[in-house]
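*Asks:*
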Amino acid sequence: MQLQKEGKKQSGGGPELSIDSVTRTGSKPKIASVRKTWSMFWKAVVLMGFIFPFLWMISTSLQTFEETMKFPPTWIPASLQWSNFVEAMSSGPFLTYFKNSVIVTTSIILIQLAVMIPAAYAFAQYKFFGNKILFGMVLLAFMIPGQVTFIPVYLMLADAGMIKSLWPQILPFMSNAFGIFLLRQYFMQIPQEIVESARLDNASEFKIIWKIMIPMSMPAISTVALFSFVSHWNDYFWPLVMTDSEAVRPLTMGIAMLRETEGISNWHIIMAGNVVLVVPILIVYLFASRQIVKAFVYSGIK
Amino acid sequence: MNKKLSAIVLAATTVISGVLAGCSGTQSESSAPTPSTTQPSASTPAGKTTVQFWHSLGGKNGEYISAMIKRFNDTHDNIEVVGTFQGSYDETVTKLQQSIAAKTAPDITMLERAYVQMFAEAEVLEDLTPFMAKTNTSKDDFPEGLMGHSVFNDKIVSLPLNRSTPIMHINKTMLDEKGLAIPTTWEELKKVSEALVVKENGEVKRYGLSMPYDTWYPIAMISQAGGKFFNDDATSIGFEKGEGVKAFQYLKDLQSTGALYYPPAQDSGNIVNQMFTSEKIGIMFQSTGVMGSVKSNAKFDYVTAFLPKDVAFATPTGGANIAMLTDSTNKDAAWEFINWVNTDPQGGQQFILDSGYLPFTKKMVESEPIKELWAKDPNRKVAYDQLQYAVDTNKDVAWPQIMQEFFKAIQAIMYDNKPIEPALDTFKKEAERLLSE
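One line per chain: the protein sequences are A and B, in this order. Residue numbers for the first sequence, in numbering that gives the first Met the number 0: 0 to 301. Residue numbers for the second sequence, in numbering that gives the first Met the number 0: 0 to 436.
Here's what the structure looks like:
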């Protein structure tokens, strides 16, 4: 974060000046500093690419309807329209939506962790009959999108009378193929000696998982949990097809409802809704970002 | 050995739950935290019939339809209508398909008019004729132009609700500055659009005409040129005598001079609306549904007019109908609601006044509030009057798939500058294949 900020500051006149100095001297430290400036410049460019939509969303959420309709677009609202947030939140049972989002996402993460960790442990630590085939099937699950399975899943859950509950949004995500894959890679890197010495001390499998694997893989586990959180918190398609009534719907559905079916949408209200949707993700991200970077460095995915 | 076994079991269970992605749906999963399952509307007092009504209206229109449902519920002690938003028109169709199969479908639903036939053919829409007879209503109570998607095999399977048509929106101030009259024919429209173009250093700063990326407008133009989208036997397209080529050639000619701005596909409706209200284009073809918000944003003299004619005036219709599902167990209550929407001044009539959709019964058109509205806002009357030229020629079960193919043809012609005739020939072949299925 700090680096990128500096990069932005230097990006102004930095690059040309540095190229100049290369041609003049060409000494090694100079080249290094040119490289550094360039890399910071590009980081700043990439950062802007990611941050731009966010800034636009926040700006739009504080504009008046007239400002959102202007062309060229308004960047800074004349006066901040906080009432947009009130209007967005009062347009439906947003407290219910929020509660449902929280329950669904937390349940998914907890169940997934309970399923994923032992599975990844088994795949990482044991050579048993068919383990490759089973692991291949995990990867297969990784590749099947929800759009393929949603109709049979809906029919089955409707048959079980669950459509009016939150289960259809939770049960299908009990297991997380990507998570099993990532954690397996991570567990495989934990030195075998540690596991073996624990076995010599008669530690149970559960104890090995709980006392060794989990503490040593916190970065990977928190990464998987965070990815899972973001994808389920933001999910629109699955709740759309699995819920028929307001009472079980998450925030994303509430925000989709702010859009006009025909005619001109009130983008300032929609964006206010989106800000509310995104803020919890940003908060979680701030806390977890360090862990994620660690996880990717270790697992070699980087 | 023991450990190995437990490892296999562990891995196997996860794999199964993973691959089946929820098909495993393990209902014995009782140890997991129980999510709260608030029952929405099932908790109705004894003797009250609950009618589930699915709709696709979000935003302001969503509020207006919820208000209408509330007015019904407030005045009917024995019926509770529960209106639920189910996503866009297309998403609602998907949801209906799966819920009909799962027997969780609602009693009544809003259905985008082009999808009505698909459901009617599947025989899942109730014939409303007997209900209408009981309440002394008939299809003559509705404007003919809006009934194009209501009758299939002599059954009335849906009735109009939130209907719209494309119409020509005009920045009259801009035309007046150039001393131009409102165009009524393609020829005049061409002259006016070209006259409105402003170029600076070879770059177009102001366009004459625009329209969203949609099948609606080419279909309108094909009908205006004397063609039909499908032939009468529904075996092929109905614009083989060059009507399609003529319509697209007209658009390409205008596009090449800068007179037509054809917007990018993504969010094209919003783009043309914004360009129109910020005076970057003088005329746009767009839904009647945007009149209210354009009017409140336009800082110029804003008027509407019929889509110009080539050999004839013609316009397709849009928006959605209301339909009752055959599987409903509350048909009488559901009909009471539909009938109330059609006849009560607090029903559909008020919804029309609020939302700006077209009045959909003859009685509404003659009512005082609608007359007052039209006196105040003549643009809305223009929209209704254009209905006398309403013609829907893209009716077929295969329309949803054919629409995708037609979009491809539009893309090829309007974006990729492909020659028009081959593009339409390709489309024709695909359409014939889909129609014969």
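Glycine included, C-beta positions come from ideal geometry on N, C-alpha and C.
Using a C-beta to C-beta distance shorter than 9 Å, which residues of chain A count as neighbours of residue 55 of chain B?
*Replies:* Position 56 of the second sequence holds residue 55 of chain B. Correct list: 260.
*Asks:* Can you tell me which residues form a DSSP beta bridge with residue 144 of chain B?
*Replies:* Mapped onto the second sequence, residue 144 of chain B falls at position 145. None; residue 144 of chain B has no bridge partner.
*Asks:* If you follow the beta strand (DSSP E) that residue 165 of chain B is part of, which residue opens it and which one closes it?
*Replies:* In the second sequence, counting from the first residue as 1, residue 165 of chain B sits at position 166. From DSSP, the beta strand (DSSP E) with residue 165 of chain B extends over 165-170.
*Asks:* Pick helix, strand or coil for residue 425 of chain B, following the three-state DSSP scheme.
*Replies:* As a first step, residue 425 of chain B must be located in the second sequence, where it is residue number 426. Here residue 425 of chain B sits in helix by DSSP.
*Asks:* Could you please give me the residues that DSSP links to residue 53 of chain B through a beta bridge?
*Replies:* Position 54 of the second sequence, counted from the first residue, corresponds to residue 53 of chain B. In DSSP, residue 53 of chain B forms a bridge with B/83 and B/108.
*Asks:* Hey, quick one: how far does the alpha helix (DSSP H) through residue 69 of chain B stretch, first residue to last?
*Replies:* Locating residue 69 of chain B in the second sequence gives position 70, where the first residue counts as 1. Element bounds for residue 69 of chain B: 58-74.
*Asks:* Using a Cβ-Cβ cut-off of 7 Å (strictly less than) and excluding sequence neighbours within five positions of residue 420 of chain B, which residues of its own chain qualify?
*Replies:* Here the question's residue 420 of chain B lines up with position 421 in the second sequence. Answer for residue 420 of chain B: 244, listed in chain order.
*Asks:* If you draw a straight line from the C-alpha of residue 120 of chain B to the C-alpha of residue 169 of chain B, how long is it?
*Replies:* Here the question's residue 120 of chain B lines up with position 121 in the second sequence. Here the question's residue 169 of chain B lines up with position 170 in the second sequence. Near 40 Å, if we compare the C-alpha coordinates of residue 169 of chain B and residue 120 of chain B.
*Asks:* Any C-beta of chain B sitting closer than 8 Å to the C-beta of residue 66 of chain A?
*Replies:* Counting from 1 along the first sequence, the entry for residue 66 of chain A is found at position 67. No, because no Cβ of chain B sits closer than 8 Å to the Cβ of residue 66 of chain A.
*Asks:* Given a cut-off of 8 Å, decide if residue 161 of chain B and residue 318 of chain B are closer than it, judged by their beta-carbon atoms.
*Replies:* Along the second sequence, read from residue 1 onward, the residue named residue 318 of chain B stands at position 319. Along the second sequence, read from residue 1 onward, the residue named residue 161 of chain B stands at position 162. Yes, they are a contact pair.
*Asks:* So, for residue 198 of chain B: in the same chain, excluding its five sequence neighbours on each side, which residues have a beta-carbon less than 8 Å away from its beta-carbon?
*Replies:* For the purposes of this step, residue 198 of chain B is taken as the residue at position 199 of the second sequence. The residues are 204 and 257.
*Asks:* At a Cβ cut of 8 Å, what residues of the region 41-52 of chain A count as close to chain B, listed as they run along the chain?
*Replies:* Under the 8 Å Cβ criterion, the region 41-52 of chain A contributes no residue.
*Asks:* Tell me which same chain residues have a C-beta within less than 8 Å of the C-beta of residue 115 of chain A, skipping the five on either side of it?
*Replies:* As a working note, residue 115 of chain A is residue 116 in the first sequence. Result list for residue 115 of chain A: 174, 175, 178, 179, 182 and 223, in chain order.
*Asks:* Got a sec: is the Cβ-Cβ distance from residue 59 of chain B to anything in chain A below 8 Å?
*Replies:* Translated into the one-based positions of the second sequence, residue 59 of chain B becomes position 60. By this cut-off, residue 59 of chain B is an interface position.
*Asks:* Compile a chain-ordered list of the residues in the region 185-200 of chain A whose CB is closer than 8 Å to at least one CB of chain B.
*Replies:* For the region 185-200 of chain A, which is checked against every Cβ of chain B, not one residue is closer than 8 Å.
*Asks:* At 9 Å on the CB atoms, spell out the chain A contacts of residue 87 of chain B, in chain order.
*Replies:* Residue mapping note: residue 87 of chain B aligns to position 88 of the second sequence, counting from 1. In chain order: 255, 258 and 260.
*Asks:* Specify, as a first and last residue, the run of the alpha helix (DSSP H) that residue 365 of chain B falls within.
*Replies:* The residue you call residue 365 of chain B lines up with position 366 of the second sequence. That run of the alpha helix (DSSP H) goes 361-365.
*Asks:* Given a threshold of 16 other Cβ atoms within 10 Å of its Cβ, counted over all protein chains shown, does residue 166 of chain B qualify as buried or as exposed?
*Replies:* Position 167 of the second sequence, counting from 1, holds the residue named residue 166 of chain B. Under this definition residue 166 of chain B is a buried residue.
*Asks:* What's the gap between the Cα of residue 282 of chain A and the Cα of residue 59 of chain A?
*Replies:* Position 283 of the first sequence holds residue 282 of chain A. Position 60 of the first sequence holds residue 59 of chain A. In a straight line, the C-alpha of residue 282 of chain A is about 21 Å away from that of residue 59 of chain A.
*Asks:* Do the region 282-291 of chain B and the region 71-89 of chain A make contact, defined as three or more Cβ pairs closer than 8 Å?
*Replies:* No: fewer than three Cβ pairs fall under 8 Å.
*Asks:* Compute the distance between the beta-carbons of residue 154 of chain A and residue 100 of chain B, then report whether it is under 8 Å.
*Replies:* In the first sequence, counting from the first residue as 1, residue 154 of chain A sits at position 155. In the second sequence, counting from the first residue as 1, residue 100 of chain B sits at position 101. In contact: residue 154 of chain A and residue 100 of chain B (Cβ atoms closer than 8 Å).
*Asks:* Which partner residues does residue 301 of chain B have in the DSSP bridge list?
*Replies:* For the purposes of this step, residue 301 of chain B is identified with residue 302 of the second sequence, where counting begins at 1. Answer is B/170.
*Asks:* Identify whether residue 285 of chain B lies in helix, strand or coil by the three-state DSSP scheme.
*Replies:* Here residue 285 of chain B is taken as the residue at index 286 of the second sequence, counted from 1. In this structure, residue 285 of chain B counts as strand in the three-state DSSP scheme.
*Asks:* Out of curiosity, what's the CA-to-CA distance linking residue 274 of chain A and residue 304 of chain B?
*Replies:* Numbered from its first residue, the first sequence carries residue 274 of chain A at position 275. Numbered from its first residue, the second sequence carries residue 304 of chain B at position 305. Near 40 Å, if we compare the C-alpha coordinates of residue 304 of chain B and residue 274 of chain A.
*Asks:* So, are the CB atoms of residue 125 of chain B and residue 330 of chain B less than 8 Å apart?
*Replies:* Position 126 of the second sequence, counting from 1, holds the residue named residue 125 of chain B. Position 331 of the second sequence, counting from 1, holds the residue named residue 330 of chain B. Taking 8 Å as the Cβ cut-off, residue 125 of chain B and residue 330 of chain B qualify as a contacting pair.
*Asks:* Compute the Euclidean distance between the alpha carbons of residue 135 of chain A and residue 120 of chain A, then round it to the nearest angstrom.
*Replies:* In the first sequence, the residue the question calls residue 135 of chain A occupies position 136. In the first sequence, the residue the question calls residue 120 of chain A occupies position 121. If you take the alpha carbons of residue 135 of chain A and residue 120 of chain A, they lie about 16 Å apart.
*Asks:* Which residues in chain A sit within 7 Å of residue 276 of chain B, going by Cβ to Cβ distance?
*Replies:* Position 277 of the second sequence, counted from the start, is the residue given in the question as residue 276 of chain B. The contacting residues are 68.
*Asks:* Using a beta-carbon distance below 8 Å, is residue 239 of chain A in contact with chain B?
*Replies:* Position 240 of the first sequence, counted from the start, is the residue given in the question as residue 239 of chain A. For residue 239 of chain A, the answer is yes, since a Cβ of chain B falls inside 8 Å of its Cβ.
*Asks:* Return helix, strand or coil for residue 204 of chain B, following the three-state DSSP convention.
*Replies:* To locate residue 204 of chain B, count along the second sequence from 1; it is residue 205. Reduced to three states, the DSSP call for residue 204 of chain B is strand.
*Asks:* Exposed or buried, which one is residue 52 of chain A when buried takes at least 16 other CB atoms within 10 Å?
*Replies:* Within the first sequence, numbered from 1, the residue matching residue 52 of chain A stands at position 53. Under this definition residue 52 of chain A is an exposed residue.
*Asks:* What residues from chain A crowd round residue 349 of chain B, counting only those whose CB sits closer than 8 Å?
*Replies:* Mapped onto the second sequence, residue 349 of chain B falls at position 350. Near residue 349 of chain B there are no residues of chain A at all, since even the closest Cβ is about 18 Å away, more than 8 Å.
*Asks:* Grab me the residues of residue 80 of chain B's own chain with a C-beta within less than 7 Å of its C-beta, minus the 5 sequence neighbours each way, in chain order.
*Replies:* In the second sequence, residue 80 of chain B corresponds to position 81, counting from 1. Contacts found: 50, 52, 68, 71, 72 and 336.
*Asks:* Examine chain B for any beta-carbon lying closer than 8 Å to the beta-carbon of residue 157 of chain A, and answer yes or no.
*Replies:* Walking along the first sequence from the start, residue 157 of chain A turns up at place 158. It does; some Cβ of chain B falls within 8 Å.
*Asks:* Give the residues of chain B in contact with residue 154 of chain A, contact being defined as C-beta atoms less than 9 Å apart.
*Replies:* As a first step, residue 154 of chain A is located in the first sequence; it is residue number 155 there, counting from the start. In chain order: 97, 100 and 101.
*Asks:* Can you tell me where the alpha helix (DSSP H) holding residue 306 of chain A begins and where it ends?
*Replies:* Absent from the model: residue 306 of chain A. The displayed extent of chain A is 0 to 301, so no value can be given.
*Asks:* With DSSP collapsed to three states, give me the class of residue 118 of chain B.
*Replies:* Position 119 of the second sequence, counted from the start, is the residue given in the question as residue 118 of chain B. Correct three-state label for residue 118 of chain B: helix.
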